[in-house]
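Numbering (the working numbering), first residue to last: 1 to 698. We put the beta carbon where it would ideally sit given N, CA and C, even for glycine. Input: a single structure, listed below in structure tokens.
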Amino acid sequence: MSKKIKVVVAGQPNVGKSSLLNAISDAKLHTGNFSGVTVEKTIVEIKTDDYNIEMVDLPGIYSLNVYTPEEQVAKNYLLNEKYDVIINIVDANALSRNLMFSLQLLDMQKKMILIVNMVDEIDKKGGKIYKDKLETLLGIPVLLVSAKEGRGVDKIASEIIKSYNTPSPKNKIYYSERVELRIDRLSLALQKSPHFKNPLYARFIAIRLLDKDEDVYKIIHDLPIWIEIHEMLEKMYKQLDAEFDEDSTSDIFSNERVAITHNLEMEALDIPEIKETLSEKIDNILIHPLFGIPIFLFLMWGLFQTTFILGNIPMDWIDGFFSTVADYISFILPKGEFNSLLTQGVIPAVDAVVMFLPNILILFLGLNLLEQTGYMARAAYLMDGFLKKFGLQGKAFVPLVSGFGCTVPAYMAARTLKNPKDKIITMLVLGFMSCGARLPIYVLIISAFFPKHPGNVLFGIYIGGAFLGLIVAKILRTVLFKGEPEPFVMEIPPYRFPSFKSLFMDLWIKTKMFLKKAGTFIAGAAMIIWFLSTYPHHPNIIKTYENKIELATTQKQKNILHNELNANLLANSYLGDFGKFIEPVFKPLGFDWRMSVSVIAGLAAKETVVSTMGTLYAVGNNGSNKGLIKKVRKNIDFKAAIALIVIIMIYSPCVAAMSTFYAEVPQWIWRTFYTIYPNVLAWLLAYLVYNVLKIFGY
Ligand SMILES: Nc1nc2c(ncn2[C@@H]2O[C@H](COP(=O)(O)OP(=O)(O)OP(=O)(O)O)[C@@H](O)[C@H]2O)c(=O)[nH]1
Ligand SMILES: [Mg+2]
């Protein structure tokens, strides 16, 4: 039986932790060139002949004196969970800053391996890292790797096993004499408690207490030993502050660590001076105070143009393929229920969503490039001032833009907002950033009604949604969440050339997930919709019409009667009944019952809006979905189509997104508010738009 080794991967944000785990296993963790990509711990396994190595990817954390909720996740894991080895990853480009956290980890006195990542970039700069020096000075094994190029990653597993099988190395990190004196005294006092019998652990706790770690402080505060040490601790704070002329002992620790890491970097890293890096040169343009925002808007405009224009090329091929399949199936299967279930229910629905896969992939590719190159952090920085005017902070930009892809991870990304008010406002308006699954509906309506400037209209819809989100944020800030947003801190990483492998993998995963959803969930939902729109049978209606059709003299008359029959049957089906039941709600918006049912179906997942339309406009008609766009143009009134866009833009996101919101926001009041208000707002604005268009004679 293979032995299990538990490894925790820790490091500051954006050093390549997730990339490295992807490189050494077959995991496909999400990566991006800005801090705060990973917000939750994830487990990855690698198997060797004798060992089963379980590695936990943690969110990036700057220091044990934590700041944001996702850092708290990492800290809690590091302090409270059981594991065998720590893998501490640092970015070779920012060695001394990264080592600040390594020193805190070393204080824990656990088995640890230091992995210096991104050595490819150091090579490019013509620099050199001395691994041996680092090993000697820190007293732990060091590996130089490049997660991007896969260099050195093959040694990681064996190094972990070696570390697991050797006793913990001796501590090599000592603070200055006056600090060490207090650490020793405090840890001796702590050792009197059964919780801190182990002198190494007592030393760590002593350091954390002197470093003013609130979490550790709270724990000790509730233990009996507190009575013995609290006076001693207070005295030490006072003495140390006076001796070092600092306001807080945590500053003293921070200064000491700066001195140590600076020294480490001097010894271990040799990099030639560069006057102005390429990143700085690019930034002179891209984050220019005047042109920065217009350039950003132009890039987004370009993205939506491409999404529409390139994405629409394969659309006809896909549609054609499914129609051919439907025709063929309809031909080889005997006429009847099963035939109709497949050719009028499942295939048109799957067709209606898969048709838009290319558009969705282009949008995702664009957003991914934004993340991978490092432009996201810059855009956040650019937008900070603008967002502040609306009561949001610059960091909210990242979840907001991620919302264009999918609302679920976007809600999770809002964890990087430390201030609870900032977080809740961001989450309440995040749904207005139209996700990728809503794209098919827009593309469908735009193709039907705006064939001239499709890309511009699409861009307008997305910008319109975003702008509405900002206005609502402003209202929420003024009415419900008074106060200023937290000042914005986000590190600006250097530009990085995106790794094609990771871009491609990401798109491939998205495609697989999308097709799986189309083949399972969408197909299943289509069966239900087909059933509800085909039953109950009405032999009387059929009989009446059959007689009429027989009596008709021209083919044209026959066709008209045939269509009338189908419409009649559909209207008298279960779904027709349901449609009529909800009709009063949607009638003021000009929706027919098919649109109303599709909108309701969209509460499950936004893809089901087009798939339901695909089925409902196909049931009773022979053939499949071919020309859904044409059918939409023929059956839907222009004003109602625009009202539909408004509804889709604003109303509740899918159930998956809603449950993520509920999981992230514990307060019932906000959950209830979130469940109701977007739907009310969506209806009101759609009503307004519908009537304004009516006044203008559309
Ligand atoms: N040149 C180069 N880039 C790398 C390397 N490893 C990672 N990157 C890039 O660095 C960025 C950050 O990588 P991630 O793996 O997301 O970093 P992380 O540490 O998981 O970040 P958080 O989850 O935000 O804490 C990405 O753009 C990666 O493509 C490397 O070895 N060389
Ligand atoms: Mg990560």
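Self-check item: Supposed contact pair methionine 427 and alanine 414 - C-beta distance, whole angstroms, cut 8 Å
Solution: Taking the first residue of the sequence shown as position 1, residue 414 is located at position 414. Taking the first residue of the sequence shown as position 1, residue 427 is located at position 427. Alanine 414 to methionine 427, Cβ: 5 Å. Contact.
Practice problem: Report yes if the C-beta distance between leucine 644 and isoleucine 425 is below 9 Å; otherwise report no. | Solution: Indexing the sequence shown from 1 puts residue 644 at position 644. Indexing the sequence shown from 1 puts residue 425 at position 425. No, Cβ-Cβ distance for leucine 644 and isoleucine 425 is not below 9 Å.
Quiz prompt | threonine 31 CB to nearest heavy atom of ligand 2 below 8 Å | solution = Stepping through the sequence shown from its first residue, residue 31 is reached at position 31. Because some heavy atom of ligand 2 lies under 8 Å away, the Cβ of threonine 31 counts as near it: yes.
Quiz item: With burial defined as no fewer than 16 other Cβ atoms inside 10 Å of the residue's Cβ, what is the status of leucine 392: buried or exposed?
Solution: Position 392 of the sequence shown, counting from 1, holds the residue named residue 392. Per the 10 Å Cβ criterion, buried.
Quiz item: Can proline 588 and tyrosine 662 be called in contact, C-beta distance under 9 Å?
Solution: The count along the sequence shown starts at 1 and reaches residue 588 at position 588. The count along the sequence shown starts at 1 and reaches residue 662 at position 662. Between proline 588 and tyrosine 662, the CB-CB gap reaches or exceeds 9 Å.
Quiz item: Relative to ligand 1, is the shortest distance from any of its heavy atoms to the C-beta of glycine 405 smaller than 8 Å?
Solution: Here residue 405 refers to the residue found at position 405 when the sequence shown is read from its first residue. No; taking the cut-off as 8 Å, the Cβ of glycine 405 has no heavy atom of ligand 1 nearer than that.
Quiz item: Which residues mark the beginning and the end of the beta strand (DSSP E) in which asparagine 117 is found?
Solution: By one-based count along the sequence shown, residue 117 stands at place 117. For asparagine 117, the enclosing beta strand (DSSP E) covers residues 111 to 117.
Quiz item: Can you give the beta carbon distance from tyrosine 381 to isoleucine 287, rounded, assuming they're within the 8 Å contact cut?
Solution: The count along the sequence shown starts at 1 and reaches residue 381 at position 381. The count along the sequence shown starts at 1 and reaches residue 287 at position 287. Right, their Cβ atoms sit about 6 Å apart.
Practice problem: Return the Cβ separation of leucine 64 and glutamine 104 in integer angstroms, given the expectation that the two are a contact with Cβ distance under 8 Å. | Solution: Taking the sequence shown and counting its residues from 1, one reaches residue 64 at position 64. Taking the sequence shown and counting its residues from 1, one reaches residue 104 at position 104. Contact flag correct, Cβ pair sits at about 5 Å.
Quiz item: In three-state DSSP terms, what is tyrosine 651?
Solution: Along the sequence shown, read from residue 1 onward, the residue named residue 651 stands at position 651. In the structure shown, tyrosine 651 falls within a coil segment according to DSSP collapsed to helix, strand and coil.
Self-check item: Cβ neighbour criterion (16 or more within 10 Å) applied to leucine 190
Solution: In the sequence shown, counting from the first residue as 1, residue 190 sits at position 190. By the 10 Å Cβ count, leucine 190 comes out buried.
Quiz item: What is the rounded straight-line gap between the Cα of glycine 11 and the Cα of alanine 147?
Solution: Position 11 of the sequence shown, counted from the first residue, corresponds to residue 11. Position 147 of the sequence shown, counted from the first residue, corresponds to residue 147. If I take the Cα positions, the gap works out to 14 Å.
Quiz prompt | Ordered list of alpha helix (DSSP H) runs contained in the segment 353 to 405, each at least 4 residues | solution = If you keep only unbroken alpha helix (DSSP H) runs of at least 4 residues inside the segment 353 to 405, you get 357 to 373, 375 to 389, 397 to 402.
Practice problem: Out of Met658, His221, Glu564, Met490, state which residue places its alpha-carbon closest to the alpha-carbon of tyrosine 67. | Solution: One-based indexing of the sequence shown puts residue 67 at position 67. For the set Met658, His221, Glu564, Met490, the Cα lying nearest the Cα of tyrosine 67 is the one of Met490.
Quiz item: Tell me, which residues are paired with arginine 151 by DSSP?
Solution: Reading the sequence shown from its first residue, position 151 is the one you call residue 151. Answer is Ser146.
Quiz item: Starting from isoleucine 309 and walking both ways along the alpha helix (DSSP H), at which residues does that stretch end?
Solution: Position 309 of the sequence shown holds residue 309. Run containing isoleucine 309: 292 to 332, per the alpha helix (DSSP H) assignment.
Quiz item: Looking only at C-alpha atoms, which of Ala552, Ile271, Lys82, Leu361 sits nearest to isoleucine 309?
Solution: Taking the sequence shown and counting its residues from 1, one reaches residue 309 at position 309. Measuring from the Cα of isoleucine 309, the nearest candidate turns out to be Leu361.
Practice problem: Give the straight-line distance between the Cα atoms of asparagine 625 and phenylalanine 356, rounded to the nearest whole angstrom. | Solution: Mapped onto the sequence shown, residue 625 falls at position 625. Mapped onto the sequence shown, residue 356 falls at position 356. Confidence at asparagine 625 is low in this model, with a pLDDT of 47, below 50, so the placement of that residue should be treated as unreliable; the coordinate-derived value is given next. Here the alpha carbon of asparagine 625 sits roughly 13 Å from the alpha carbon of phenylalanine 356.
Quiz prompt | ligand 2 heavy atom lying under 8 Å from the CB of glycine 60 | solution = Residue 60 sits at position 60 when you count from the first residue of the sequence shown. Yes, ligand 2 has a heavy atom inside 8 Å of this Cβ.
Self-check item: Residue burial classification, arginine 178 (beta-carbon count within 10 angstroms, cutoff 16)
Solution: The sequence position of residue 178 within the sequence shown is 178, counting from 1. Label assigned to arginine 178: exposed.
Exercise. With a threshold of 8 Å, establish whether the CB of aspartate 57 neighbours any heavy atom of ligand 4.
Key: No copy of ligand 4 occurs in the structure displayed; its ligands are ligand 1 and ligand 2 alone.
Self-check item: Rounded distance between the beta-carbons of alanine 94 and isoleucine 129, thought under 8 Å
Solution: Position 129 of the sequence shown, counted from the start, is the residue given in the question as residue 129. Position 94 of the sequence shown, counted from the start, is the residue given in the question as residue 94. A Cβ-Cβ separation of about 13 Å leaves isoleucine 129 out of contact with alanine 94 under the 8 Å criterion.
Exercise. Determine the burial state of proline 13: buried for a count of at least 16 other Cβ atoms within 10 Å of its Cβ, exposed for fewer.
Key: Stepping through the sequence shown from its first residue, residue 13 is reached at position 13. Buried, because 16 or more other Cβ atoms sit within 10 Å of the Cβ of proline 13.
Exercise. Identify whether aspartate 184 lies in helix, strand or coil by the three-state DSSP scheme.
Key: Position 184 of the sequence shown, counting from 1, holds the residue named residue 184. Looking at aspartate 184 - three-state DSSP - the assignment turns out to be helix.
Practice problem: Could you pull the start and end residues of the alpha helix (DSSP H) that glutamate 491 belongs to? | Solution: One-based indexing of the sequence shown puts residue 491 at position 491. No alpha helix (DSSP H) holds glutamate 491; DSSP gives it neither H nor E.
Exercise. Would you tell me roughly how many angstroms separate the C-alpha atoms of leucine 616 and tryptophan 530, rounded to the nearest one?
Key: Within the sequence shown, residue 616 is the residue found at index 616, counting from 1. Within the sequence shown, residue 530 is the residue found at index 530, counting from 1. Note on geometry: alpha-carbon atoms of leucine 616 and tryptophan 530 lie some 8 Å from one another.
Quiz item: Hey, out of Met505, Asn635, Lys512, Ile648, whose CA is closest to glycine 462's CA?
Solution: As a working mapping, residue 462 is identified with position 462 in the sequence shown. The residue you asked about is not glycine; residue 462 is tyrosine in the sequence shown. Between tyrosine 462 and the set Met505, Asn635, Lys512, Ile648, the nearest pair of CA atoms involves Ile648.
Quiz item: Do you know how far the Cα of valine 610 is from the Cα of isoleucine 86?
Solution: The residue given as residue 86 occupies position 86 in the sequence shown. The residue given as residue 610 occupies position 610 in the sequence shown. Taking the straight line joining both Cα atoms gives about 49 Å.
Self-check item: Boundaries (first-last residue) of the beta strand (DSSP E) holding tyrosine 51
Solution: Working through the sequence shown from its first residue, we reach residue 51 at position 51. The continuous beta strand (DSSP E) containing tyrosine 51 extends over residues 51 to 57.
Quiz prompt | Status (buried if at least 16 other CB within 10 Å, exposed otherwise) for alanine 259 | solution = In the sequence shown, residue 259 corresponds to position 259, counting from 1. With fewer than 16 other Cβ atoms inside 10 Å of its own Cβ, alanine 259 counts as exposed.
Exercise. Note the first and the last residue of the continuous beta strand (DSSP E) segment covering threonine 42.
Key: Taking the sequence shown and counting its residues from 1, one reaches residue 42 at position 42. Per DSSP, threonine 42 belongs to the beta strand (DSSP E) from 42 to 47.
Practice problem: Check the C-beta distance from leucine 58 over to valine 9 and give it rounded, since I have them as a contact under 8 Å. | Solution: Taking the first residue of the sequence shown as position 1, residue 58 is located at position 58. Taking the first residue of the sequence shown as position 1, residue 9 is located at position 9. Indeed they touch by this definition, with Cβ atoms about 6 Å apart.
Self-check item: Anticipated Cβ contact below 8 Å, leucine 20 with isoleucine 115, distance rounded
Solution: Numbered from its first residue, the sequence shown carries residue 20 at position 20. Numbered from its first residue, the sequence shown carries residue 115 at position 115. Cβ-Cβ separation between leucine 20 and isoleucine 115: approximately 7 Å, consistent with a contact (criterion under 8 Å).
Quiz prompt | Whether methionine 383 touches alanine 410 by CB criterion (9 Å) | solution = In the sequence shown, the residue the question calls residue 383 occupies position 383. In the sequence shown, the residue the question calls residue 410 occupies position 410. No, the pair does not count as a contact, with Cβ atoms beyond the cut-off.
Quiz item: Do lysine 148 and ligand 2 come close, with the Cβ less than 8 Å from some heavy atom?
Solution: For the purposes of this step, residue 148 is taken as residue 148 along the sequence shown, with counting starting at 1. At a cut-off of 8 Å, the beta-carbon of lysine 148 does not count as near ligand 2: no heavy atom of the ligand is closer than that.
Quiz item: If you draw a straight line from the alpha carbon of isoleucine 293 to that of alanine 379, how long is it in whole angstroms?
Solution: Taking the first residue of the sequence shown as 1, we reach residue 293 at position 293. Taking the first residue of the sequence shown as 1, we reach residue 379 at position 379. Approximately 8 Å, taken between the alpha carbons.
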